[in-house]
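Take the sequence shown: its position 93, counting from 1, is numbered 93 in the working numbering, and each next residue is one higher.
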Amino acid sequence: MMRALVIDDEPLARAGVLARLRQCPDIDVVAEYGDGPAALAGIRDARPDLVFLDVDMPGLNGLDVLAALPPAERPLAVLLTAYEQFAVQAFALDVVDYLLKPVEDERFAEAVARTRQAWRFRHQAPEAAQRHGGYLSRFTVRYGSRLVFVDAGDVDWIDAAGDYATLHAAGREYLVRTPLHRLAESLDPAAFVRVHRSAIVRLDRVAELRTLGNRDAVLRLRDGTPLRASRTYIDALLAALERQRTAA
C-alpha cells in the first residue's frame, strides 16, 4: 500500500483530493498540510511514497519543497496547480504527473494509475535487478527519465545510504533504492561479503588487509579506497578470502 500526503493551502482543494483518494484502497493518506514549510517537515518525518502537492503555496511553493529534498528522498509526486508555466520545472524534478485545476475525475484517475506504475517500478526487488544463478547479476538504476545498467561484476563496493545503498563502480556512484541488508542477501557470497553494518565489498577488489588491536581491520581496495571491517564480520571475511585464494 502506498502512503500518501495531501498538500494544498486551499482547504476545499485538499478536501477534493482526499475524497478521490478515499476511493483508492491501495493509497493510505497519512497526513495533510496547508503550507510549504510544514509539508517539507512532514515529508522528512513521514517518508511517504507519494505526495499530491500544490505548486502555489505560502512559505515554500511545491517545487521548492521537492527541490529541497535530495533525489533519493523525494517521494513520487503529483503536482496540482492552476498555472501551466511550471510544467518544465516540474518534470525536471521527475514528478509523476502535473494536474491543472480544476482537475477532472478522468485526469485524476490517470495520474493515480501512473503513480501505481511508478511505485511498482521503485519496489521491484531488488532495484529492478536481473539475476543469474539465483544471485543478483545486474542493477537497473533510474536517473530521472534515464535507466542506467550496472553489472554486479563492475561493482567494487557498496555502502549504506539510509534506507538505500550506493554502488561504487569504476570511480562512479549509483544510488539504488534497496537497503544494504537486502543487497547482502541477494549478492553471490562467493564474490561479495559484508564487512561492516554499512558496507559490502567485492572480494577480488581487496588488495590488502591490516588487522587492528580490537579485532577490527582496515581494507585497501585495488583503487586505493580504504574500508573498515568490523569485528562482527571479520571472521566471515577472512574465511571468504581464504576460499577465494584456494579456489584460484
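Note that CB positions come from ideal geometry on N, CA and C, so glycine has one too.
*Tell me the start and end of each unbroken alpha helix (DSSP H) in the segment 176-236 that is at least 4 residues and wholly inside, in chain order.*
Listed in chain order, the complete alpha helix (DSSP H) runs (minimum 4 residues) inside the segment 176-236 are 180-186.
*Rounded straight-line distance, which links the Cα of proline 71 to that of lysine 101*: Position 101 of the sequence shown holds residue 101. Position 71 of the sequence shown holds residue 71. Going by C-alpha positions, lysine 101 is about 26 Å away from proline 71.
*Inter-residue Cα distance where the pair is alanine 234 and valine 195*: Counting from 1 along the sequence shown, the entry for residue 234 is found at position 234. Counting from 1 along the sequence shown, the entry for residue 195 is found at position 195. Contrary to the premise, residue 234 reads as isoleucine rather than alanine in this sequence. Their backbone Cα atoms lie some 7 Å apart in a straight line.
*Just how far apart, CA to CA, sit leucine 241 and arginine 228?*
By 1-based counting over the sequence shown, the position of residue 241 is 241. By 1-based counting over the sequence shown, the position of residue 228 is 228. CA-CA distance, leucine 241 to arginine 228, rounds to 16 Å.
*Please determine if the segment 60-75 and the segment 33-44 are in contact, where contact requires at least 3 C-beta pairs separated by less than 8 Å.*
Three or more beta-carbon pairs separated by less than 8 Å link the segment 60-75 to the segment 33-44, which places the two stretches in contact.
*asked:* What does the alpha-carbon distance come out to for the pair glutamine 278 and aspartate 64?
replied: Past the boundaries of the shown model lies residue 278; the chain is included only from 1 to 248, so the question cannot be answered.
_Let's see if you can read the secondary structure: which residues bound the alpha helix (DSSP H) around aspartate 45?_
Here residue 45 is taken as the residue at index 45 of the sequence shown, counted from 1. Looking at the DSSP string, the run of the alpha helix (DSSP H) that includes aspartate 45 is 36-46.
*CB-CB under 6 Å to arginine 44, same chain, minus the five flanking residues each way: which ones, in chain order?*
For the purposes of this step, residue 44 is taken as the residue at position 44 of the sequence shown. Excluding sequence neighbours, arginine 44 sits near nothing in its chain.
*By DSSP, does alanine 170 sit in helix, in strand, or in coil?*
By one-based count along the sequence shown, residue 170 stands at place 170. In the structure shown, alanine 170 sits in coil (DSSP, three-state: anything other than H, G, I, E or B).
_Going by the DSSP bridge assignment, what does arginine 142 pair with across the sheet?_
Locating residue 142 in the sequence shown gives position 142, where the first residue counts as 1. BP columns for arginine 142 point to Leu147.
*Residue ranges of each alpha helix (DSSP H) run of no fewer than 4 residues wholly in the segment 41-122, ordered along the chain?*
Assignment of alpha helix (DSSP H) within the segment 41-122, counting only whole runs of 4 or more residues, yields 62-67, 87-92, 105-122 in chain order.
*Is arginine 3 helix, strand or coil by DSSP?*
By 1-based counting over the sequence shown, the position of residue 3 is 3. In the structure shown, arginine 3 adopts extended strand secondary structure according to DSSP, grouped into three states.
*Mapping DSSP to helix, strand and coil, what is aspartate 154?*
Position 154 of the sequence shown, counted from the start, is the residue given in the question as residue 154. DSSP places aspartate 154 in helix when its eight states are reduced to three.
_Best match in Glu10, Leu76, Val218, Arg210 for proximity to glutamine 117 [C-alpha to C-alpha]_ = Walking along the sequence shown from the start, residue 117 turns up at place 117. Nearest to glutamine 117 by alpha-carbon distance, out of Glu10, Leu76, Val218, Arg210, is Leu76.
*Per DSSP, the bridge partner or partners of aspartate 159*: Along the sequence shown, one-based indexing puts residue 159 at 159. BP columns for aspartate 159 point to Thr166, Ala199.
*Does the beta-carbon of valine 30 have 16 or more other beta-carbons within 10 angstroms, so that it is buried, or is it exposed?*
In the sequence shown, residue 30 corresponds to position 30, counting from 1. Valine 30 should be labelled exposed.
*For glutamate 32, the three-state DSSP class (helix, strand or coil)*: The count along the sequence shown starts at 1 and reaches residue 32 at position 32. Residue state, collapsed to three classes: strand.
_Am I right that threonine 166 and aspartate 159 are in contact with their C-beta atoms under 8 Å? What's the rounded C-beta distance?_
As a working mapping, residue 166 is identified with position 166 in the sequence shown. As a working mapping, residue 159 is identified with position 159 in the sequence shown. 5 Å between Cβ atoms; contact.
*Quick one, which of Gln244, Val55, Arg210 has its alpha-carbon nearest proline 189's?*
Locating residue 189 in the sequence shown gives position 189, counting from the first residue. Distances from the CA of proline 189 to each of Gln244, Val55, Arg210 were compared; the closest alpha carbon is that of Gln244.
*Label alanine 109 either buried or exposed according to how many other C-beta atoms from any shown protein chain fall within 10 Å of its C-beta, with 16 as the threshold for buried.*
The residue labelled residue 109 in the question sits at position 109 within the sequence shown. In this structure alanine 109 is exposed. Its beta-carbon is surrounded by fewer than 16 other beta-carbon atoms within 10 angstroms.
*Checking contacts by CB at 8 Å: is valine 141 closer than that to chain B?*
Looking at the structure shown, chain B is missing, and only one protein chain is on hand.
*Whole-angstrom distance between phenylalanine 192 and arginine 202, CA atom to CA atom*: Taking the sequence shown and counting its residues from 1, one reaches residue 202 at position 202. Taking the sequence shown and counting its residues from 1, one reaches residue 192 at position 192. Across the structure, arginine 202 and phenylalanine 192 are spaced so that their CA atoms are roughly 4 Å apart.
*What residue from Arg177, Tyr135, Arg14 has the CA that sits closest to phenylalanine 52's CA?*
Residue mapping note: residue 52 aligns to position 52 of the sequence shown, counting from 1. It is Arg14 whose Cα lies nearest to the Cα of phenylalanine 52.
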